[in-house]
Amino acid sequence: MKLFNLIVAHTPGRSGYMEALRYLQAYIPGLRVYYTRQSIILAKVPDPYAAVETLKHKLPPDSPILRVIPVDEVTSPYIEDVLEVVKRLYPRRIPQDAYFAVKVEGRLMRRSGGEVGRLEAQREIGDIVDRPVRLKNPDFLILVKVVRLQSDLVYAAVMIAPPSSIYSKASAQS
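Quick note on numbering: the sequence shown equals residues 1 to 174 in UniProt numbering.
Structure, rendered in structure tokens:
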């Protein structure tokens, strides 16, 4: 499912949204906004990793853009589907000798019913990856971000890349 491949968090309010959108449109050719909600823009771009690199170099310090995450794949918010995506992607994305960590932001569900706790989800995802684990300063990060568009419309965005692939205004300013 390739509905969007870029998640942008910006400062709250209409002015934060409008200014963030102006920066995105100015710096990322081919940007198409898929969905917006409070302080979040979901977009589709030709190359999400190149888009993040461009923003890292061009965004001014006073930009309302707080965080930008490139997305490899979007799936349902069920742990079973996330595991299938990770199982398919990680052999191509994480070199054999590279260290990895898993981070889950938001709540995943089980098809049989009920929520999966964040730590439990991270453990289940980590268990299927045949690479060495290093929680501090990993070479690669498996990030699963649950994005709720409406009460009944929820997705899980999966990124498998070096942690430096994410733009964070806090990291950029330190």
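Glycine included, each C-beta is placed from N, C-alpha and C at the ideal position.
Residues near Leu149 in its chain [Cβ-Cβ closer than 6 angstroms; skip 5 each side] | Taking the sequence shown and counting its residues from 1, one reaches residue 149 at position 149. Correct list, in chain order: Tyr35.
Whole-angstrom distance between Tyr27 and His57, CA atom to CA atom | As a first step, residue 57 must be located in the sequence shown, where it is residue number 57. As a first step, residue 27 must be located in the sequence shown, where it is residue number 27. Going from the Cα of His57 to the Cα of Tyr27 covers about 10 angstroms.
Can you tell me whether DSSP reads Leu135 as helix, strand or coil?
-> Position 135 of the sequence shown holds residue 135. It is coil, neither helix nor strand.
Compute the distance between the beta-carbons of Pro77 and Asn5, then report whether it is under 8 angstroms.
-> Position 77 of the sequence shown, counted from the start, is the residue given in the question as residue 77. Position 5 of the sequence shown, counted from the start, is the residue given in the question as residue 5. Cβ atoms of Pro77 and Asn5: not closer than 8 angstroms.
Quick one: is Leu24 buried, meaning 16 or more other Cβ sit within 10 Å of its Cβ, or exposed?
-> Working through the sequence shown from its first residue, we reach residue 24 at position 24. Result: buried.
Identify, in the order they occur along the chain, each residue of the same chain with its Cβ nearer than 7 angstroms to the Cβ of Val85, setting aside the five sequence neighbours on each side.
-> Along the sequence shown, one-based indexing puts residue 85 at 85. Result list for Val85: Glu73, Thr75, Val158, in chain order.
Exposure of Pro91, with buried meaning 16 or more beta-carbon neighbours within 10 Å = Along the sequence shown, read from residue 1 onward, the residue named residue 91 stands at position 91. Label assigned to Pro91: exposed.
Residues near Pro138 in its chain [Cβ-Cβ closer than 6 angstroms; skip 5 each side] | Start at 1 with the first residue of the sequence shown, and residue 138 comes out as number 138. Around Pro138: Tyr99, Phe100, Ala101.
Consult DSSP for Ala20 and reduce its assignment to one of helix, strand or coil.
-> As a working note, residue 20 is residue 20 in the sequence shown. Helix, per DSSP.
Using a Cβ-Cβ cut-off of 7 angstroms (strictly less than) and excluding sequence neighbours within five positions of Val146, which residues of its own chain qualify?
-> Within the sequence shown, the letter at position 146 stands for residue 146. Contacts found: Pro77, Glu105, Gly106, Arg107, Leu108, Val154, Ala156.
Which partner residues of Ser168 appear in the DSSP bridge assignment?
-> Position 168 of the sequence shown, counted from the start, is the residue given in the question as residue 168. For Ser168, which the question treats as bridged, DSSP gives the partners Arg67.
Keeping to the same chain, check which residues put their C-beta closer than 7 angstroms to that of Ala9; ignore five residues upstream and five downstream.
-> Translated into the one-based positions of the sequence shown, residue 9 becomes position 9. So the qualifying residues of the chain are Ser39, Ile40, Leu66, Arg67.
Where does Leu119 sit, in a helix, a strand or coil, going by DSSP?
-> In the sequence shown, counting from the first residue as 1, residue 119 sits at position 119. Helix.
Ignore the nearest five residues each way along the sequence and tell me which others in Gly30's own chain have a CB closer than 8 angstroms to its CB.
-> To locate residue 30, count along the sequence shown from 1; it is residue 30. So the qualifying residues of the chain are Val45, Pro46.
Counterpart residues of Lys2 in DSSP-defined beta bridges = Against the sequence shown, residue 2 aligns to sequence position 2. In the DSSP output, where bridge partners are listed per residue, Lys2 has none listed.
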